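FYI, the UniProt record's numbering numbers position 157 of the sequence shown as 157, with every residue one higher than the one before it.
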Amino acid sequence: MRSLKSLALIFLIHAVFATIFIQKTECRIALPNKANLIDQTCKKTPNYALYVSSLQSDPRSKGADVRGLARIMVDVMNSKATQTLNHINKLLQRSLGHKVKVALSDCARKYIAILKADVPEAAEGLDKGDFKFAEDGANDAAIEANSCERGFSGKSILTQMNIQVHDVAEVLAAIVRLLL
């Protein structure tokens, strides 16, 4: 009888430890650490290097989920578009040819649209959980940056900045699609 109680106790202890071990293992699989989440998310975007560098420079990324990572990229898109618009405004004050000034003025309108419509649309969509709305804002920003670039005859004086805004917007759209 005593050996039966001992055997039952050993079995019970074994079952408790097995349950605890299995639960911890399942949590590790279901909830990867944040660095792993960032890496997994980055690999699903069209520009891994841009995404990683954008996140590494922002301390909020360390504790963020996918939605938080997307929100960081909205802020990056806002920053890049603001820098581009400021640069356009400085260029417009220089003595440039008429065609260049017309193209720059058109680009200024496009970047104002990015900052006043597309960035807020992406941010609001993320904040409210309307991820399709957020994706549309990111896609619209990428289109506006491309449209600015095409407004010049030949290579524009904004090529690098347009590429940066376009690429950040594409990365943001890819992250948001993970939330759909």
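All C-beta atoms in this analysis are idealised placements derived from N, C-alpha and C, irrespective of residue type, glycine included. Every value quoted in this text rests on a predicted model; they were computed, and no experiment measured them.
SER153 is positioned such that its CB atom lies no closer than 8 Å to that of LYS116. With distances taken between CA atoms, LEU179 lies nearest to ASP127 out of GLN164, LEU92, LEU158 and ASP127.
Burial is judged here by how many other beta carbons sit within 10 angstroms of a residue's own beta carbon; SER61 has at least 16 and is buried.
The beta carbons of ASN78 and ALA108 sit about 16 Å from each other, so the pair does not count as a contact at 8 Å. By the neighbour-count criterion, in which a residue is buried when 16 or more other Cβ atoms sit within 10 angstroms of its Cβ, GLN56 is exposed. Here DSSP, grouped into helix, strand and coil, assigns ILE157 to coil. DSSP places GLN93 in no alpha helix (DSSP H); its state is neither H nor E.
The UniProt domain "Pectinesterase inhibitor" (33-175) contains, as complete alpha helix (DSSP H) runs of 4+ residues, the segments 34-42, 48-56, 66-92, 98-113, 119-128 and 131-150 (chain order). ARG67 places its beta carbon 8 Å or farther from that of GLU135. Within 10 angstroms of the beta-carbon of GLY97 lie fewer than 16 other beta-carbons, which makes it exposed.
Contact between ALA113 and GLU149 does not hold, since the beta-carbon distance rounds to 15 Å and is not under 8 Å.
Between LEU172 and VAL74, the gap from beta carbon to beta carbon is short of 8 Å.
The beta carbon of ASN162 sits closer than 6 Å to those of ALA145, CYS148 and GLU149, all from its chain and outside the five residues before and after it, given in chain order.
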